[in-house]
Every structure is written in structure tokens, then in C-alpha cells.
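Last residue of the sequence shown: number 462 in our numbering, and the count goes up by one each step with no gaps. Remarks on the structure that follows.
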Amino acid sequence: MSADPVSPPDSAAGATIDRSGGRRGGLDQICIRGGHRLEGAIQIGGAKNATLPLMAASLLTGETLALSNVPYLADITTMANLLVQLGVEVGVNGENGMRHGRTLELSAREIADTTAPYDLVRKMRASVLVLGPLLARCGEARVSQPGGCAIGTRPIDLHLEGMKRLGAEIALEDGYIHATAPKGLVGAEIVFPTVSVGATEDLMLAATLAKGETRLVNAAREPEIVDLAKCLSAMGAEIEGAGGKEIVIQGVEKLGGAEHAVLPDRIEIGTYAIAAAITGGNIELQGADIGLIGALRQALLATGVDVEETEGGVRVAARNGRIECVDMTTEPYPGFPTDLQAQWMALMATAHGEAKITETIFENRFMHVPELSRMGADIRLDGGAAVVRGVERLKGAPVMATDLRASVSLVLAGLAAEGETLVSRIYHLDRGYERFEEKLAACGAEIERDIG
Ligand code: EPZ
């Protein structure tokens, strides 16, 4: 097991690109020649959005937490480097040491530092998830305010209000949140005014070591929350109700180590399911759990695409002919996930008819619209909704990625478009998709990464 920080995937820093497809400076871009039906099999990895809070859970104990089926992604590397900075020993092994479902061994014997610095939090907002565990374990945490991001302001007021309910004192100093609980945290009832995945996770982590009972009301119900509760229970926590609207945690004195396999990534499953649909293809998603993608499955069936469970996962097969447009509204789980909204829009851009896509989770998650329009998509914005009128064929063009899921929607559009599409600033993609172009090329896509 190597104990040094894990190295990031090879993703260069972005640079600016002129629209003619010219490049200045070293630049990650992906070139796709569209028009190929995707057929074959794709191995689904562990869920990024489960792995991040699971890694933060290692701070709650001095014993070793071993996480398997961990994806090889930039965000995981960022979290690993943050934990190392806090004093956690991080060991990595797995095929080729870093790929194909590796295992992380995390041991926070001593917490050397309780500060999550701006340069790391800025890169990845999920760093805020160390707030709850540090408060619970050490009675103190200094976490940089994450600032906004491309898809919205994304405040963390629900995290902070919840910590106060558990008895923490919160001060804001020089862009840092300084949280202290000198007498330890005390269980309380916390009612979330709006559903928040991160706040539910942060407070669940904090409550495991608080004195007495904590009730999280109007909690997020995502499968990643259930996976975190399962791991925490294996570590000795007492948690009931995860996956429902109310989670009850009885605080315990101490937590121990555990071994936990990360659940499959439902957003990766959904992304490749849409890749099959948009190219009129047929792909088996190996290791996928159909129970994780209920809302997407219903939506794809309504368009005329088959989504069936197989021995090893899920098969997605487009029937002959053009698929039909289907309206979609993003909602907290079990509703349609906001992290698949951009991908759904790419699919609707070439479907028959008109689809209204309503984004209810984030206030600025339509940045893929102007880029899809450059490829000939017919989309008009109408407040919090986008109305997509399907066209026969998109046209390849140079386009620019703005955030993780927008970048993948542009690649999906490129797979179906006529001619060549160049997607620049593709480093966004490395945050959430492991061996992305490799997996698509293995199913017949003409796609390559061009590191200038
Ligand atoms: C998690 O982000 C995911 N990230 C996001 O995935 C996902 O889009 C989001 O949940 C919604 O499902 C991880 O799990 C690492 P929220 P999170 O708190 O926890 C507002 C991806 O592409 N809010 O559920 O930050 C917030 O602004 C990423 O993988 C507050 O107002 O999302 C948003 O409008 C993108 N105050 C809404 O709640 C708070 O304190 C939902 O946010 C917290 C959130």
C-alpha cells in the first residue's frame, strides 16, 4: 500500500480555445466523429458521489476504513490529498495500482490539522463534507467557504444551521468557517427547509458521535445516503431510516474501522444508457443496478428505448427509427436526477417532437444550451425550463465544456452528430468519468483525446 497522496488522472489545466478549433497552449480536448451506433459492453465503476462522503467518514475513527470499488477520478484524488493534509494515511491498491476499481485504505490515527484550505475546497466543494466529521472527532474545524460554481451559488447554510442545532458555534473569518464544539456535539432534531444531499451527509457524519439522539427531517433520500449509512453502521454507528425522509441517529462514544464496497455510479449508468439511446445502439452496462435508475428507465421507455435487467447488469437498446421526445423535470431522488439533465437534453435534441426540460435543483444548469445550439440543436429557454424541438441530425462543431455534466452532454451530442465535434476544456470530464473515451471507443465510437 503506498501511503503517499494519490496522483491525479492525466488531466491538463484548461486554456482558452478560439471557435475555429484552433488552440493556444496545452489543452485537453476530445475529438469525436459522429454517426456510429454504439454496441458492446461498458463496465460501470463505483459512485463518485458516494465515495467522497465515505472518504470523509474515515476522520471519525482512529482505525482503518477500507473502501473498495473506488473510481479513479480527479475528485477522489482531491479528497485524498485533503485528507492526507489533515493527517489521514491513505493507501491505494488495485489493478495497475490505480485503475479498475481500486481499494483505498484510510487511517486517521491522529488528526494533524483541522483546516480544509481554500485551494482544495475551491477545486471541489464536496471538501465541505469534512466539517461534520472534524467537529465530531476533534470539536473543531476550519473549512474554507466553497464559493459558487458554474451551476449555481450553492450555499452551505443548511450545513451550518444544522451544526449549530447540534451545539456547534460557527464564526466566519477571512473566508473561512470556524466551527467549534468545545463540549462536544449534542443530538437534536434538524428539519431541512429544502432537501440537500450534502447537508444530510455532513450532519449524519457529525451526529454519529454526538451525545444522544439526532433526527434529520426532510432528509435527502439518494442511494449514496443509504450507502453512507451502511458504511457508518459497519463502523459501529446507530442509524435508522436512511433512504427515507427521516433519519434517526443515536450517538455513540467511538467508531471503529470497517470494509465497505462503494455502490455503482447511477449517473455513470445513466450517461452511458443515453449514449446507447442517442446513437441508436445497444449496450450492456456491466455492474449496473437497475434499481438505481428508476426515473431514467421510465423516461427512456417512454421515448421507445428498451432498458432491461440482465444477468450482469442492465441492457439499453434503441429500437429502429427515431425516438420520441419526452418532457422531464429534475427532482430530488427518487425523481429524475439533475446530474442527468444535460445528458437528457442532448438526447431530446435529435428526438421526434418537442420536450420541455425543467431544472428545479440548481439555478444555472443550462450552460450546455448555447453549446448544443452551436451544433444545430433547436432549444429555447423559458425561465427555469428549456424547450427542445428535436432536429433530424446535429452537426459537429467546436464547442466548450463548462462543467462536469455539461461536458459529457456535448460528447453525447457529438456521438450522434454528422461530422467532427471538438469539445474543449474536457478536464471537467475527468472529475466524474473514468476512462471515458476508452469505454466509448470499445463500443465503436470514433473518439480520441487530444492533449495539445
Ligand atoms: C450533491 O451536491 C452532488 N454532489 C451533486 O452532483 C448533485 O447535483 C446534488 O447533490 C443534487 O443531487 C456530490 O454528492 C458530491 P445539494 P450538493 O446540497 O450536496 C441548495 C455532480 O455533477 N443548498 O443537494 O452540493 C443548493 O444550492 C454534482 O456530480 C442550499 O441552499 O447538492 C441546491 O440548489 C453536481 N444550502 C440544492 O440545495 C445548502 O446548505 C441541492 O443541493 C446546501 C444546498
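Cβ atoms here follow ideal geometry from the backbone N, Cα and C, with glycine treated the same way.
Taking buried to mean at least 16 other C-beta atoms within 10 Å of its own C-beta, is residue i buried or exposed?
i: residue 390; result: exposed
i: residue 313; result: buried
i: residue 329; result: exposed
i: residue 193; result: exposed
i: residue 53; result: buried
i: residue 182; result: exposed
i: residue 308; result: exposed
i: residue 393; result: exposed
i: residue 170; result: buried
i: residue 350; result: buried
i: residue 129; result: exposed
i: residue 35; result: Below a pLDDT of 50, predicted positions are generally treated as unreliable, and residue 35, at 38, falls in that range; no measurement from the model is reported.
i: residue 388; result: exposed
i: residue 84; result: buried
i: residue 189; result: buried
i: residue 122; result: exposed
i: residue 449; result: buried
i: residue 444; result: buried
i: residue 331; result: exposed
i: residue 232; result: buried
i: residue 294; result: buried
i: residue 38; result: buried
Measuring only the C-alpha atoms, how far is residue i from residue j?
i: residue 88; j: residue 243; result: 26 Å
i: residue 178; j: residue 299; result: 39 Å
i: residue 453; j: residue 149; result: 51 Å
i: residue 237; j: residue 429; result: 42 Å
i: residue 205; j: residue 403; result: 38 Å
i: residue 207; j: residue 323; result: 26 Å
i: residue 418; j: residue 103; result: 28 Å
i: residue 120; j: residue 72; result: 7 Å
i: residue 213; j: residue 51; result: 38 Å
i: residue 335; j: residue 355; result: 10 Å
i: residue 115; j: residue 423; result: 38 Å
i: residue 74; j: residue 201; result: 33 Å
i: residue 106; j: residue 364; result: Low confidence applies to residue 106: its pLDDT is 45, below 50, so where it sits in the model is not reliable enough to give any reading.
i: residue 197; j: residue 239; result: 17 Å
i: residue 136; j: residue 327; result: 35 Å
i: residue 458; j: residue 127; result: 35 Å
i: residue 151; j: residue 415; result: 31 Å
i: residue 15; j: residue 337; result: Caution is warranted here: a pLDDT of 45 is assigned to residue 15, below 50, making its placement in the model unreliable, and the coordinate value is therefore given only provisionally. Rounded to the nearest angstrom, the two C-alpha atoms are 44 Å apart.
i: residue 305; j: residue 280; result: 10 Å
i: residue 60; j: residue 353; result: 21 Å
i: residue 57; j: residue 81; result: 7 Å
i: residue 142; j: residue 230; result: 16 Å
i: residue 261; j: residue 199; result: 13 Å
i: residue 267; j: residue 224; result: 22 Å
i: residue 184; j: residue 157; result: 13 Å
i: residue 253; j: residue 405; result: 42 Å
i: residue 257; j: residue 451; result: 43 Å
i: residue 133; j: residue 255; result: 31 Å
i: residue 310; j: residue 431; result: 25 Å
i: residue 433; j: residue 380; result: 13 Å
i: residue 283; j: residue 427; result: 17 Å
i: residue 191; j: residue 167; result: 18 Å
Within this structure, are the beta carbons of residue i and residue j separated by less than 8 Å?
i: residue 241; j: residue 67; result: yes
i: residue 366; j: residue 397; result: yes
i: residue 215; j: residue 146; result: yes
i: residue 259; j: residue 276; result: no
i: residue 131; j: residue 154; result: yes
i: residue 234; j: residue 139; result: no
i: residue 8; j: residue 369; result: Within the shown structure, residues of the chain are numbered from 11 to 462, placing residue 8 beyond reach of any answer.
i: residue 113; j: residue 76; result: yes
i: residue 361; j: residue 382; result: no
i: residue 425; j: residue 378; result: no
i: residue 187; j: residue 447; result: no
i: residue 70; j: residue 265; result: yes
i: residue 209; j: residue 172; result: yes
i: residue 111; j: residue 78; result: yes
Touch check for the stretch 301 to 319 and the stretch 243 to 256: three-plus C-beta pairs under 8 Å? They do not touch, by the three-pair rule.
Does the stretch 400 to 417 come into contact with the stretch 434 to 441, if we say contact requires no fewer than three beta-carbon pairs (one atom in each stretch) closer than 8 Å? Cβ pair count under 8 Å is three or more, so yes.
Taking 8 Å as the threshold, find out whether the stretch 156 to 163 comes into contact with the stretch 372 to 383 through three or more Cβ pairs. Verdict: yes, contact present.
Inspect the CB distances between the stretch 271 to 291 and the stretch 45 to 58 and report whether three or more fall short of 8 Å. By the Cβ test, the stretch 271 to 291 is in contact with the stretch 45 to 58, since at least three Cβ pairs between them sit closer than 8 Å.
Could you tell me whether the stretch 88 to 101 touches the stretch 261 to 276, using the rule of 3 or more Cβ pairs below 8 Å? Short answer: they don't touch.
Alpha helix (DSSP H) runs contained entirely in the stretch 57 to 112, provided each spans 4 or more residues: Considered as a whole, the stretch 57 to 112 harbours 58 to 67 and 84 to 96 as its complete alpha helix (DSSP H) runs of no fewer than 4 residues, in chain order.
Within the stretch 115 to 168, ranges of the alpha helix (DSSP H) (whole runs, at least 4 residues): Runs of the alpha helix (DSSP H) inside the stretch 115 to 168: 128 to 133 and 141 to 148.
List in chain order: all unbroken beta strand (DSSP E) runs of 3+ residues lying wholly within the stretch 240 to 315. Counting only runs of 3 or more, we get 248 to 250, 256 to 260, 268 to 271 and 292 to 296.
Taking only runs of the beta strand (DSSP E) that begin and end inside the stretch 167 to 215, which ones reach a length of at least 3 residues, in chain order? DSSP runs (the beta strand (DSSP E)) wholly in the stretch 167 to 215: 179 to 183, 186 to 190 and 199 to 201.
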